[in-house]
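Taking it in order: structure first as structure tokens, then the write-up.
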Amino acid sequence: MEKQKIIQAGEISKKIKEYAKSIIKKGVPLLEIADKIDEKIEDLGGKPAFPINLSINDVAAHYTPGHDDETLAHGLLKVDIGIHVDGWTADTAFSLDLENSEENKKIIEASKEALTNVEKSITTESEISEIGRIIETTIRSKNLNPIVNLTGHSMDQYDLHSGASIPNIDNGSDFIFGEGLYAIEPFATNGVGKVKDGRPSGIYMLQNQKNTRSPIARELLKHILKDYSTLPFCSRWLVRKYGTKALLGLKQLEQEGILHHFPQLIEISGGIVSQAENTFLLEKNSVTITTKED
Ligand code: MN
Ligand code: MN
5 MEKQKIIQAG EISKKIKEYA KSIIKKGVPL LEIADKIDEK IEDLGGKPAF
55 PINLSINDVA AHYTPGHDDE TLAHGLLKVD IGIHVDGWTA DTAFSLDLEN
105 SEENKKIIEA SKEALTNVEK SITTESEISE IGRIIETTIR SKNLNPIVNL
155 TGHSMDQYDL HSGASIPNID NGSDFIFGEG LYAIEPFATN GVGKVKDGRP
205 SGIYMLQNQK NTRSPIAREL LKHILKDYST LPFCSRWLVR KYGTKALLGL
255 KQLEQEGILH HFPQLIEISG GIVSQAENTF LLEKNSVTIT TKED
């Protein structure tokens, strides 16, 4: 673990959250928000650990604007940001109500409070199921449901999901956290509390590195290996660099099994979903929440 880089990524993520809050308003195009945030991350000396997720209402996660996206910010908007410094990641999310809706505010408060309760109790000695139980109990006490098939995750260098999952429910696991880097992310909904795969997101990740014959696919693959390595990226970034022919290359790389294409994740009953997330560096005698504002 390279603590200094982990802390640096966290510091950048805090500034990006503040910046995001200053530019997001109802009616602003998601594409404009994403482009500005991409630029700001670079200005601050970080790199995106994954494309910013701007998921609205029943889309729980994995929505990032395409190069020609026309969606305007509205509803309950989840902003999920990943920053890395040399592969060491800060993963953090917050939710905004852009409708002045009491129901939205209540759903947002539930995931936020669940995360706050985790922050108060987590140590290296915590059981994973105990943290899941805290999230579940907090959200259910507000007559809402946690999303049962979305989880937090341990992280390692250039690896966003390095093995351990942290559920939003008590799953009975007696696994102990121990030292490490973890993202914990309660999701709350007024729906039944489960997500299914939706339409393709335009977010991809390298899954099987092998040769491809198509010239454009080869060019993309070279760039992907160099700039993103094993971290997720999106079609918007590649269209910016190569024009729309990048879409053809991406399709070929997906068909050849070289890239994994993530689906959007949609609440199965159409419920409105909120998310709160912070990154925790757990060390023997200390807990550092790297992405939390003072
Ligand atoms: Mn996240
Ligand atoms: Mn995460």
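When we follow this note's numbering, the leftmost residue of the sequence shown carries the number 5, and every step to the right adds one.
Note that CB positions come from ideal geometry on N, CA and C, so glycine has one too.
Just so it is clear, the structure is predicted and the values come from calculations on it, not from any experiment.
Selection from the options that minimises the alpha carbon distance to residue i
{"i": "T128", "options": "L286, K296 and I135", "result": "L286"}
{"i": "R217", "options": "T248, V196, Q256 and S233", "result": "Q256"}
{"i": "D201", "options": "D174, I270 and S177", "result": "I270"}
{"i": "Y246", "options": "I220, Y186, Q268 and T193", "result": "I220"}
{"i": "G49", "options": "L100, F98, A13 and A187", "result": "A13"}
{"i": "I272", "options": "K30, V63, K110 and H71", "result": "V63"}
{"i": "P267", "options": "K296, T75 and A65", "result": "A65"}
{"i": "G182", "options": "N175, A168, K124 and S205", "result": "A168"}
{"i": "K18", "options": "P69, L34 and D95", "result": "D95"}
{"i": "E297", "options": "S59, A97, I173 and E131", "result": "A97"}
{"i": "D73", "options": "S105, V32 and E103", "result": "V32"}
{"i": "P171", "options": "V243, A118, G184 and D163", "result": "A118"}
{"i": "N282", "options": "K124, E36, D101 and G261", "result": "K124"}
{"i": "F23", "options": "K44, I11 and L34", "result": "According to the sequence displayed, residue 23 carries Tyr and not Phe. Out of K44, I11 and L34, K44 has the C-alpha closest to the C-alpha of Y23."}
{"i": "V199", "options": "I20, G274, E103 and Y208", "result": "G274"}
{"i": "M367", "options": "K29, L34 and H264", "result": "As displayed, the chain neither begins before 5 nor continues past 298, which places residue 367 out of reach and without an answer."}
Range of the contiguous alpha helix (DSSP H) that encloses residue i
{"i": "L185", "result": "Run containing L185: none in the alpha helix (DSSP H); it sits in the beta strand (DSSP E), G184 to I188."}
{"i": "T120", "result": "E106 to S125"}
{"i": "R240", "result": "S239 to Y246"}
{"i": "S169", "result": "Element bounds for S169: not the alpha helix (DSSP H) but the beta strand (DSSP E), S169 to P171."}
{"i": "E140", "result": "I132 to R144"}
{"i": "K226", "result": "P219 to D231"}
{"i": "A250", "result": "K249 to Q259"}
Terminal residues of the beta strand (DSSP E) in which residue i lies
{"i": "K82", "result": "L80 to V89"}
{"i": "H157", "result": "T155 to M159"}
{"i": "Y23", "result": "Per DSSP, Y23 belongs to no beta strand (DSSP E); it is in the alpha helix (DSSP H), K7 to I27."}
{"i": "E47", "result": "At residue 47 the sequence reads Asp, which differs from the Glu that was named. Segment L34 to D47 is the alpha helix (DSSP H) holding D47; no beta strand (DSSP E) there."}
{"i": "I60", "result": "K51 to I60"}
{"i": "D101", "result": "W92 to D101"}
{"i": "L285", "result": "N282 to E287"}
{"i": "L269", "result": "L263 to E271"}
{"i": "T193", "result": "F191 to T193"}
{"i": "D201", "result": "V199 to L210"}
{"i": "I276", "result": "Looking at the DSSP string, I276 is not in any beta strand (DSSP E), and its letter there is neither H nor E."}
{"i": "S290", "result": "S290 to I293"}
{"i": "V152", "result": "Premise fails: V152 is in no beta strand (DSSP E) and is neither H nor E."}
Residue i to residue j span [Cα, whole Å]
{"i": "P52", "j": "N212", "result": "22 Å"}
{"i": "S133", "j": "H165", "result": "18 Å"}
{"i": "D84", "j": "F54", "result": "9 Å"}
{"i": "S177", "j": "I135", "result": "10 Å"}
{"i": "N194", "j": "K214", "result": "44 Å"}
{"i": "K249", "j": "P190", "result": "38 Å"}
{"i": "S239", "j": "N289", "result": "42 Å"}
{"i": "I151", "j": "D47", "result": "35 Å"}
{"i": "K7", "j": "Y186", "result": "13 Å"}
{"i": "L2", "j": "I276", "result": "Outside the shown range of the chain (5 to 298) lies residue 2, about which nothing can therefore be said."}
{"i": "E107", "j": "E15", "result": "32 Å"}
{"i": "S130", "j": "I180", "result": "6 Å"}
{"i": "N149", "j": "G197", "result": "5 Å"}
{"i": "I60", "j": "R222", "result": "34 Å"}
{"i": "R203", "j": "E260", "result": "20 Å"}
{"i": "K82", "j": "S278", "result": "6 Å"}
{"i": "S105", "j": "G79", "result": "9 Å"}
{"i": "L252", "j": "V243", "result": "10 Å"}
{"i": "A280", "j": "E258", "result": "31 Å"}
Contact test: residue i Cβ vs ligand 1 heavy atom, cutoff 6 Å
{"i": "D160", "result": "no"}
{"i": "E103", "result": "no"}
{"i": "E287", "result": "no"}
{"i": "D84", "result": "yes"}
{"i": "E140", "result": "no"}
{"i": "E74", "result": "no"}
{"i": "E117", "result": "no"}
Any non-hydrogen atom of ligand 2 within 6 Å of residue i CB
{"i": "E123", "result": "no"}
{"i": "D95", "result": "yes"}
{"i": "A13", "result": "no"}
{"i": "E189", "result": "yes"}
ask   = Would you say the region 108 to 115 touches the region 139 to 149, given that touching needs at least three Cβ pairs under 8 Å?
value = yes
Pairing CB atoms from the region 146 to 161 with CB atoms from the region 226 to 236, are three or more of them under 8 Å?
no
Below 8 Å, how does it come out for the region 28 to 40 and the region 84 to 98: are there three or more Cβ pairs, yes or no?
no
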